[in-house]
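Have a look at the structure below before the remarks.
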Amino acid sequence: MKKINVGLIGYGTIGSGVAAVLAQRKARIKELTGIDIELKYICDKDPRVKADKRLLTRDAGRVLNDPGVDIVVELIGGIHPAKEIILAALKNNKDVVTANKALLAEEGADIFTAAKKFNREVRFEASVGGGIPIVKAIREGFVSNEINEIHGIINGTCNYILSRMSDEGCDIKVALKAAQKMGVAEADPRLDLTGIDSAHKLILLSGLSFGVFPKMDQVYCDGIMAVEPRDIRYAREMGYAIKLLAIAKRAQGEIEARVHPTLVPLGHLLANIKGVYNAIYVKGDLTGETLFYGEGAGKFPTASAVIADIVDLAKQISNPTNPINSTNPNSKLKIKKIDNIRSRYYIRFSALDKPGVLANISGILGKNNISIASVTQKEERIACLPARQANAVPIVMMTHEALESRMRNALTLIDKLPAIKKKSVALRVETL
Ligand code: HSE
């Protein structure tokens, strides 16, 4: 029986989960695959780490330079020294498993180029959607499909916060505090709240699906900090939930890649993904609609994904075949600029309640070729304004499909009207 040796670098939450499961399920994996997977090293530079002393080392070089190690698992996160560790592993003829979405999204070109040069593989199932086997599904399950669109709820922190805001009507600060208390959100949740974590994952999904890894500055990225409970309420009255969606889709021969709070029809499955759960909705030309749902983070869901990659590579090493390679940035498709996308929009104006205001707003929209689908003026005052402006009220609109650049132009002009008392809010709608 073939033995495959693994060197684990990074013994935090996920790393300790991987080591525990590899130990506990060793016999099961051997029985199912015929391969004996041996954890040869646990490497962590933190001297407080408690792990099996026979395996523990502080020196990553020992792992990287041991010719007996077949697979290096990088779980330290961040860009440096994770990148150098992965490049050294590839150069030393080792395959790599990583959960490091930030690294692959930002420096993936160097890493995949090195993998190709040294004829090795880099697997990253745990980088997107935690325990959901979405990478394998897209690489293998959809191999004969043209994937047309992906809509993902791929940040559990944001989904938890939006779910609480929706269920309780609380504002984002209250929901974030609750998330931190529950251990759902990081102490520093900036990468999550700004949408950057979702954008990293979207880059990988786009690379797998369309053969093009957008650069970070090509992904339009807008987080959830500006979402107000009243927008969640008004959207619901119109038949929509607000979700932070990561969207990658083909449109007029280009790829749209964007992350932003999005109105999703209440009847759609994605609108009903609650709490920390992730869901990735993939439309293939042969499969039609599919939905992958599960825990997008956490020790054991993520360890499950890492081990699936280790087992896959171990099978590949034991019995080399041609892997399905969909990680080469080889597509000629261009990334569409956000100004050129078309979408329906939810818009909320904070306007004085007096004659002619609506006519001025709709006039500007009309001049920008934006057609209004519905409009409601709410009989609520906008509490945050000074008393002398207290008769400002929300006007909520749904538009028909419009060009983003025209929408931005219209909002700039509308926000200059004397009757508009606060920056207008515009959220994109996906009809799915
Ligand atoms: N912080 C991420 C989330 C998990 O909240 O979904 C790791 O990708």
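Converting from the sequence shown to the working numbering requires adding 7 to each position, the first position being numbered 1.
All residues carry an ideal CB built from backbone N, CA and C; glycine is no exception.
Just so it is clear, the structure is predicted and the values come from calculations on it, not from any experiment.
Could you give the distance in angstroms between the alpha-carbon of Gly190 and the alpha-carbon of Asp174? 19 Å
In chain order, what residues of the same chain have a beta carbon less than 8 Å from the beta carbon of Val28, not counting five sequence neighbours either side? Phe307, Ala310, Ser311, Ile314
Hey, does Ile239 have any beta-carbon neighbour from chain D nearer than 8 Å? No chain D is part of this structure, which consists of one protein chain only.
Consult DSSP for Phe125 and reduce its assignment to one of helix, strand or coil. Here Phe125 sits in coil by DSSP.
May I have a chain-ordered list of the alpha helix (DSSP H) segments no shorter than 4 residues that lie completely inside the stretch 336-395? 364-374
Relative to the alpha-carbon of Lys9, which residue among Ser23, Gly19, Thr40 has its alpha-carbon at the smallest distance? Thr40
What are the start and end residues of the beta strand (DSSP E) that includes Lys290? 284-291
Pull up the distance between the alpha-carbon of Tyr227 and that of Ile345, whole angstroms please. 6 Å
Mind listing which residues have their beta carbon within less than 6 Å of any non-hydrogen atom of the ligand HSE? Chain order is fine. Asn162, Gly163, Thr164, Asp199, Asp204, Gly303, Ala304
Provide the residue span of the beta strand (DSSP E) that contains Asn166, from first to last. Unbroken run through Asn166 is the alpha helix (DSSP H), 163-175; no beta strand (DSSP E).
Please list the terminal residues of the continuous beta strand (DSSP E) segment that includes Met414. Premise fails: Met414 lies in the alpha helix (DSSP H), 411-421, not in any beta strand (DSSP E).
CA-CA distance, Arg415 and Phe299? 34 Å
Beta-carbon contacts of His275 that lie in its chain and below 6 Å, excluding the five residues immediately before and after: Leu439
With contact counted as at least three CB pairs below 8 Å, one residue from each stretch, are the stretch 246-260 and the stretch 204-212 in contact? yes
What do you get for Pro54, buried or exposed, if any count of 16 or more other CB atoms within 10 angstroms of its CB means buried? exposed
DSSP three-state call for Glu302: helix, strand or coil? strand
Enclosing alpha helix (DSSP H) for Tyr48 [first to last residue]: Taken as a continuous stretch (DSSP letters only), Tyr48 belongs to no alpha helix (DSSP H), being part of the beta strand (DSSP E) at 43-50.
Same chain, Cβ closer than 6 Å to Ala426, neighbours up to 5 away in sequence not counted: Result list for Ala426: Ala358, Leu359, Val364, in chain order.
Roughly how far, in whole angstroms, is the beta-carbon of Ile145 from the beta-carbon of Val289, given that I think they are within contact range, below 8 Å? 7 Å
Does DSSP put Ile139 in a helix, in a strand, or in coil? DSSP places Ile139 outside both helix and strand once states are collapsed to three, so it counts as coil.
In angstroms, rounded to a whole number, what distance separates the CA positions of Glu81 and Ile92? 8 Å
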